[in-house]
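Undergrad:
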Amino acid sequence: MEMENNKASNAYGSTTGKHPSEDPDLIIREISSNTWSLPTRSFLLLGSVLAIILISVGATSHPFQEKSTFISHLVDKSSSVPYDTGDGPIQTYSSIESISLVPHIMMITMDDVGVRDFGPIGEGLLSITPNMDALASEGILIDNYYGQATCTPARGTLMTGKFVHRYGWASKNPTDMEVGAYSNWSIPTSNKMLPAHLQDLGYVTHGWGKWNIGHCSVAYLPISRGFDSFLGYFGAGIDYMTYNGADYGYNGGDMLNMTASVGKAPYVPVGPGLFSEKMFMGDAISKMSSLEHSSKPVFMWMAMHGAHDDKVDGYSKISDVIPARDYYTLKVLKETKGLFEPAQMQFFQLMIEIDHVVEELKLSMDRMSQSTGRDYLLVLNADNGGDPCASNQVAATIPWRGSKFNFFEGGLKVPAFIYSPSTSLIPTSVVGTKYNRLMHHVDWIATLRSVGGATIALDDTYDSVDHWSAMTNHNDFALNAIDNNRTLFYTLGKEDGNLYFASRMGKYKLLYNVYNATYMNPEKDISCMGSNIIIMLFNIEEDPYESSDLSSTLPDLVTLMASVALEVYDEQASKWDGFNWEESEPALTAFDASDNYIVPWGCTTMM
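According to full-length UniProt numbering, the sequence shown is numbered sequentially starting from 1.
1) Where serine 190 and glutamate 341 are concerned, what is the direct C-alpha to C-alpha distance, given to the nearest angstrom?
2) Using CA coordinates, which residue listed in Val430, Ala196 and Pro188 is at the minimum distance from glycine 168?
3) For alanine 303, which beta-bridge partners are listed by DSSP?
4) Apply the 10 Å Cβ neighbour rule to phenylalanine 477 and answer buried if 16 or more other Cβ atoms are within range, or exposed otherwise.
5) Can phenylalanine 230 and aspartate 463 be called in contact, C-beta distance under 7 Å?
6) Can you have a look at valine 262 and say buried or exposed, based on whether 16 or more other CB atoms are within 10 angstroms of its CB?
7) I need the straight-line Cα distance from isoleucine 105 to aspartate 556, nearest angstrom please.
8) Looking at the unbroken beta strand (DSSP E) that takes in arginine 401, where does it start and where does it end?
9) For the alpha helix (DSSP H) containing glycine 411, name the first residue and the last one.
10) Grab me the residues of serine 217's own chain with a C-beta within less than 6 Å of its C-beta, minus the 5 sequence neighbours each way, in chain order.
11) Which parts of the region 426 to 511 are runs of the beta strand (DSSP E), unbroken and 3 residues or longer, counting only runs that do not cross its ends?
12) Is the CB of isoleucine 445 under 7 Å away from at least one CB in chain B?
13) What is the residue span of the alpha helix (DSSP H) that asparagine 131 lies within?
14) Using a Cβ-Cβ cut-off of 7 Å (strictly less than) and excluding sequence neighbours within five positions of glutamate 178, which residues of its own chain qualify?
15) For alanine 416, which residues from the same chain have a beta carbon less than 6 Å from its beta carbon, with the 5 sequence-adjacent residues on both sides left out?
16) Quick one: grab the DSSP three-state call for alanine 382.
17) Name the residue from Ile285, Met110 and Asp117 whose alpha carbon lies nearest to the alpha carbon of proline 388.
18) Let's see if you can read the secondary structure: which residues bound the alpha helix (DSSP H) around methionine 241?
19) Using the Cα positions of threonine 372 and leucine 510, report the straight-line distance between them to the nearest angstrom.
20) Taking the C-alpha atoms as reference points, what is the distance between methionine 365 and arginine 374?
21) Rank Asp570, Leu566, Leu537 and Glu567 by C-alpha distance to the C-alpha of leucine 554 and give the top, closest one.
22) Among Tyr248, Met520, Lys264 and Arg166, which has the Cα closest to the Cα of leucine 588?
23) With phenylalanine 347 as the anchor, note down where its alpha helix (DSSP H) starts and where it stops.
24) Shortest alpha-carbon distance to leucine 291 belongs to which of Arg367, Met345, Ala446 and Ala457?
25) With 16 other CB atoms within 10 Å as the buried threshold, where does threonine 447 fall?
26) Between which two residues does the beta strand (DSSP E) holding methionine 258 run?
27) I need the DSSP call for lysine 67, collapsed to helix, strand or coil.
28) DSSP on leucine 274, reduced to helix/strand/coil?
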């Protein structure tokens, strides 16, 4: 695909210059070649529990004319309770018995999976994620949920409860902040991370999968940031079979088994042999089995490898690792030959494998819950939107504008839900409902601290909002506690003295001096990364697909949002800029000494 925009007058990938909703021929081409759909004679919009799937084409009910409801809210942080400054362990229980009431928690974070990537892929076809679909329908679907534009910033916000400008990770081009093999930086250690907060609440903490937020110092490893153990990798991607790092030229290993246990080596390289997702799943199940008689609550983070765009060396196709019971789904997929490109089929097959992993983890959680006598909460989300410009596994983001790597909805809006078999956690009255308050990755620290029994509020250096009561009660008091004037900052910084940001204020979203992006139609030459700087304002409630720029219509609002952004930048933004992505002699020496595995090399630690 070309890296420049197809035509200067066309931001949508349409030969007419129109939004896809105004160009029926474009929709027909899009549905037949890129979306998870089969063309028929009528327009339908089929929503599975986690995605809006384009089903068919016709003239009666237009899919792009349906409007999603986006409601913006903010918890009032004014509180008389003490603050947790994040400086060290704190006692948060009103009584010692409280620890026996808190549940186990498992968070599953998928990689590069957007809201289009669940449920049926077309009329008459099976769902490719039946297990996740069922869990969402038996839990609470969070249908107004947002991440970041790329993997590293997404994980930063998820683990810190803070927007990226607070620790120097803002950029107008999201790829600038991706941690690679030689990156000499991480989130400063003064920022307390999610597992450390839960450790303070008495939780045992374990993690698997993609870390991707810094590894050049042992102080940056997950076992130094709150995890008791972590089996995973550091870079943006690895080969699914060999574990060789994509940003290390696939020439060296990127997989370590890490432990915080005293007397043990902090990390040990892990050799190839198993499909990455199966290895993580197997280790997690083994860990849960060993904890079946634990008296402590357990927090687990499964940062999935899939469906990141990576090589699969050693197998002719991903379907070789898919369980036999899913072969029928594969057969149905194969019967769609001609509708989907091979890389799209690879993506579907990865989603089938992810769905199987989620099923097995859920069953293990059931067993651990029964043996420990403790309820559990399962949280599922994704880091950022899908990547229709990928090489190996191609996602779809239409009808949303943009994709991974930019700040349009296709890159930021991601699936999320919570599930628990316990009515003590999710009452019967809210099972199967949708929670539509505006929620972001940063909110899980406050929300899960609430689940874990915290009685001390976070201080105002956090951007995290506690949604637990509103999410599980759905009563007016709880819902009204979420203020609709909340502001989200996806990025916020200055370059050459000029302010840039992407923010959401209530129902409005402003992209200010960041890169443009198209609607991702594979039949057109599109810009996956964006090539021109824009100022664009959208009403996301009325225009969720970002087709109508209101910046010239509402200039006063643009000025207001820019002034708010500048004030926040002056008050909150980290001005540190010591990033280095180049190969370094200390890094290469450390890698060579570890059999060509990516390991820490002792960079200067940021406090």
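Ideal Cβ placement from N, Cα and C applies to all residues, glycine included.
TA: On the basis of the supplied data:
1) For the purposes of this step, residue 190 is identified with residue 190 of the sequence shown, where counting begins at 1. For the purposes of this step, residue 341 is identified with residue 341 of the sequence shown, where counting begins at 1. So the two alpha carbons sit approximately 46 Å from each other.
2) Residue 168 sits at position 168 when you count from the first residue of the sequence shown. Glycine 168 has its Cα closest to that of Pro188, out of Val430, Ala196 and Pro188.
3) The count along the sequence shown starts at 1 and reaches residue 303 at position 303. In DSSP, alanine 303 forms a bridge with Thr109 and Gly209.
4) Residue numbering aside, residue 477 sits at position 477 when the sequence shown is read from its first letter. The residue is exposed, with fewer than 16 neighbouring Cβ atoms inside 10 Å.
5) On the sequence shown, position 230 is the one that residue 230 refers to. On the sequence shown, position 463 is the one that residue 463 refers to. No, Cβ-Cβ distance for phenylalanine 230 and aspartate 463 is not below 7 Å.
6) Your numbering for residue 262 matches position 262 in the sequence shown. That one is exposed.
7) For the purposes of this step, residue 105 is taken as residue 105 along the sequence shown, with counting starting at 1. For the purposes of this step, residue 556 is taken as residue 556 along the sequence shown, with counting starting at 1. Their backbone Cα atoms lie some 45 Å apart in a straight line.
8) Translated into positions along the sequence shown, residue 401 becomes position 401. First-last for arginine 401: undefined, no H or E at that position.
9) Indexing the sequence shown from 1 puts residue 411 at position 411. Counted as a single uninterrupted DSSP element, the alpha helix (DSSP H) harbouring glycine 411 occupies residues 409 to 412.
10) In the sequence shown, the residue the question calls residue 217 occupies position 217. Result list for serine 217: Pro600, Cys603 and Thr605, in chain order.
11) Positions of the beta strand (DSSP E) runs, each at least 3 residues long and wholly inside the region 426 to 511, are given as 433 to 435, 487 to 495 and 498 to 505 in order along the chain.
12) Considering every chain present, this structure includes no chain B. It has just one protein chain.
13) Position 131 of the sequence shown holds residue 131. Residues 130 to 137.
14) If you number the sequence shown from 1, residue 178 lands on position 178. These residues qualify, in order along the chain: Thr150, Cys151, Thr152 and Ala236.
15) For the purposes of this step, residue 416 is taken as residue 416 along the sequence shown, with counting starting at 1. Cβ neighbours of alanine 416 beyond the five flanking positions: Ile142, Tyr145 and Asn381.
16) Stepping through the sequence shown from its first residue, residue 382 is reached at position 382. When secondary structure is reduced to three states using DSSP, alanine 382 falls in the strand class.
17) As a first step, residue 388 is located in the sequence shown; it is residue number 388 there, counting from the start. Taking each of Ile285, Met110 and Asp117 in turn and checking the Cα distance to proline 388, the smallest one comes out for Asp117.
18) If you number the sequence shown from 1, residue 241 lands on position 241. Looking at the DSSP string, methionine 241 is not in any alpha helix (DSSP H), and its letter there is neither H nor E.
19) If you number the sequence shown from 1, residue 372 lands on position 372. If you number the sequence shown from 1, residue 510 lands on position 510. Looking at the two C-alpha atoms, the distance is approximately 48 Å.
20) As a working note, residue 365 is residue 365 in the sequence shown. As a working note, residue 374 is residue 374 in the sequence shown. Using only the alpha carbons, I get a separation of about 10 Å.
21) Walking along the sequence shown from the start, residue 554 turns up at place 554. Of the candidates Asp570, Leu566, Leu537 and Glu567, the one whose C-alpha sits nearest the C-alpha of leucine 554 is Leu537.
22) For this step, residue 588 is matched to residue 588 along the sequence shown. Nearest option by C-alpha distance: Tyr248.
23) Taking the sequence shown and counting its residues from 1, the one referred to as residue 347 is at position 347. Here the alpha helix (DSSP H) through phenylalanine 347 covers 342 to 372.
24) If you number the sequence shown from 1, residue 291 lands on position 291. The option with the nearest alpha carbon to leucine 291 is Arg367.
25) Residue 447 sits at position 447 when you count from the first residue of the sequence shown. It is buried - the Cβ of threonine 447 has at least 16 other Cβ atoms within 10 Å.
26) Within the sequence shown, the letter at position 258 stands for residue 258. Per DSSP, methionine 258 belongs to the beta strand (DSSP E) from 256 to 259.
27) Translated into positions along the sequence shown, residue 67 becomes position 67. Residue confidence for lysine 67 is low, a pLDDT of 26 falling below 50, so the modelled location carries little weight; the figure read from the coordinates is stated next. The answer is coil: DSSP assigns lysine 67 none of H, G, I, E or B.
28) Taking the first residue of the sequence shown as 1, we reach residue 274 at position 274. Coil.
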